[in-house]
Amino acid sequence: LIIFQLKYNMVQRVGKRPYSDDNSETSVTSLYTMPTRKTILVTGAGGFIGSHVVLELLENNYAVIAIDSFDNCVRDDRYPVSLKRVMELTGKKLRFYDADVLSKETLLEIFKQHRIDSVMHFAGLKAVGESISKPLEYYWSNVGGALTLLRAMKEEHIKNLIFSSSATVYGPPKQLPINEEQVIGCGLTNPYGRSKFFIEQILEDFHVANTEWNIISLRYFNPVGAHPSGLIGEDPTSMPNNLMPNISKAAAGKIPALRIFGNDYDTVDGTGVRDYIHVVDLAKGHVAALQKLNENVGYKVYNLGNGKGYSVLQLVEQFERSCGRKIPYVIENRRPGDLAEIYCDNTLARNELNWTPKYDLQQMCGYLELATKKSRWICQF
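Using full-length UniProt numbering, you'd call the opening residue of the sequence shown number 1 and step up by one each time.
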């Protein structure tokens, strides 16, 4: 057992939001029973998915360099609230930069200060509806950010990347369940989905020209829930677009009723069916993908979903059981472009990543309800 005192500047401020007190230092006493593993840089680390992945990385003894520009997370002094709670939960520290991935100079400065083995890229804009009214912002942030990151990584010879993609790249499904062999990019209806599709195409083309790189794109379906501790979860900085935060909001009386768009689909109860995956399962999938990079995989894509679908009303009913009260809702007309049903085939991830989702619908709703009760900031809209 090695016991030592480590004194360093815990938060390095670079990029577009520097702090004035850059000489402040933090003393940390650390106990290690094993050496820290590789250093992973995580962009968008303060967000819903990014923060849960950072927690899993720390628990698996990786060193973490976290980047966020506070566009999708809540600030508490120098850190995103989510990352402060991650450090509380794990008892481990991370290095955080208030930085924007659109700044190549900032990225290069960070890369030069650390021996980074791999990058996990979550940063970007993510609201489907907003992307329709702000297409330039979405293409600039998402595609531009990915291109800037790739250029900086190439310049500093960092050749391992995991990209946060989306099931939206599939468009309307040709068959169910959806596997990775289905053609992507056809029938996409919004700039958010197209931005993810464009980035995947860029990564594939980039790998053809740089075969020594290892790149994995993870296509998420519908991440939901919260950490079992109730201390971190989904915390939108603006009006939530996802179903689960709106269910929680209706249950808490923050809105008069949940709006359900369409009850005349050819599904189990007429409402839309989606593949919901607990955010902790999703985070564990990223650690599994990170380990897969060690096999010199080239360029790979994997679906991360439960492999089964639940309807809107099934989620509402389960959340009612979890919180012990009725959730008011109103049925409205279908929205243009909404699909009746979509869920994935996750066989490839199960077999090649040795990853299996563990959390069921009851736990997805139960942990979110716990987070709502326990936290002063999670699910406060």
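For each residue, glycine too, the CB sits at the ideal point set by N, CA and C.
Taking a contact to mean a Cβ-Cβ separation below 8 Å, would you say residue i touches residue j in this structure?
i           : j           : result
residue 108 : residue 156 : yes
residue 161 : residue 119 : yes
residue 74  : residue 81  : yes
residue 122 : residue 164 : yes
residue 177 : residue 338 : no
residue 251 : residue 151 : no
residue 278 : residue 364 : yes
residue 302 : residue 289 : yes
residue 133 : residue 86  : no
residue 169 : residue 145 : no
residue 67  : residue 43  : yes
residue 192 : residue 93  : no
residue 188 : residue 197 : yes
residue 46  : residue 83  : yes
residue 142 : residue 124 : yes
residue 348 : residue 180 : yes
residue 293 : residue 214 : yes
residue 342 : residue 274 : yes
residue 357 : residue 306 : yes
Note down, in chain order, each residue of its chain lying with its Cβ closer than 6 Å to the Cβ of residue i, except the 5 sequence neighbours on either side.
i           : result
residue 167 : 219 and 221
residue 300 : 216
residue 224 : 244, 276 and 364
residue 131 : 138, 190, 191 and 192
residue 263 : 270, 271 and 331
residue 53  : 283 and 286
residue 359 : 278 and 281
In the DSSP assignment, the alpha helix (DSSP H) including residue i goes from what residue to what residue?
i           : result
residue 340 : Per DSSP, residue 340 belongs to no alpha helix (DSSP H) and is neither H nor E.
residue 82  : 81–90
residue 207 : 191–209
residue 114 : That residue, residue 114, is in no alpha helix (DSSP H); it is neither H nor E in DSSP.
residue 150 : 145–155
residue 188 : Looking at the DSSP string, residue 188 is not in any alpha helix (DSSP H), and its letter there is neither H nor E.
residue 51  : 48–59
residue 102 : No alpha helix (DSSP H) holds residue 102; DSSP gives it neither H nor E.
For the beta strand (DSSP E) holding residue i, just list the boundary residues, first then last.
i           : result
residue 330 : 329–332
residue 261 : 258–261
residue 278 : 276–278
residue 218 : 214–220
residue 300 : 299–304
residue 119 : 118–121
Spatial neighbours of residue i within its chain, please: CB distance less than 7 Å, with the 5 preceding and 5 following residues excluded, ordered by chain position.
i           : result
residue 287 : 56, 57 and 60
residue 212 : 159
residue 247 : 258, 315, 316, 319 and 327
residue 23  : The predicted model places residue 23 with a pLDDT of 32, which falls under 50 and marks its position as unreliable, so this point remains unresolved.
residue 353 : 285, 288, 289, 292 and 302
residue 111 : 152, 156 and 158
residue 229 : 89
Could you please give me the residues that DSSP links to residue i through a beta bridge?
i           : result
residue 139 : None, per the DSSP bridge assignment.
residue 233 : 226
residue 66  : 42 and 96
residue 311 : 273
residue 165 : 219
residue 160 : 214
residue 75  : 80
residue 255 : None; residue 255 has no bridge partner.
residue 132 : According to DSSP, which records beta bridges pairwise, residue 132 is partnered with nothing at all.
residue 184 : None; residue 184 has no bridge partner.
residue 178 : 344
Considering only residues of the same chain and omitting the five flanking positions on each side of residue i, which have a CB-CB separation below 8 Å?
i           : result
residue 90  : 55, 58 and 59
residue 361 : 276, 310, 314, 315 and 318
residue 389 : Outside the shown range of the chain, which is 1 to 381, sits residue 389, and nothing can be said about it.
residue 182 : 170, 173, 174 and 175
residue 117 : 38, 39, 40, 158 and 160
residue 102 : 140, 141, 144, 145 and 148
residue 350 : 356
For the segment 89–104 and the segment 261–279, state whether three or more C-beta atom pairs, one from each stretch, are separated by less than 8 Å.
no
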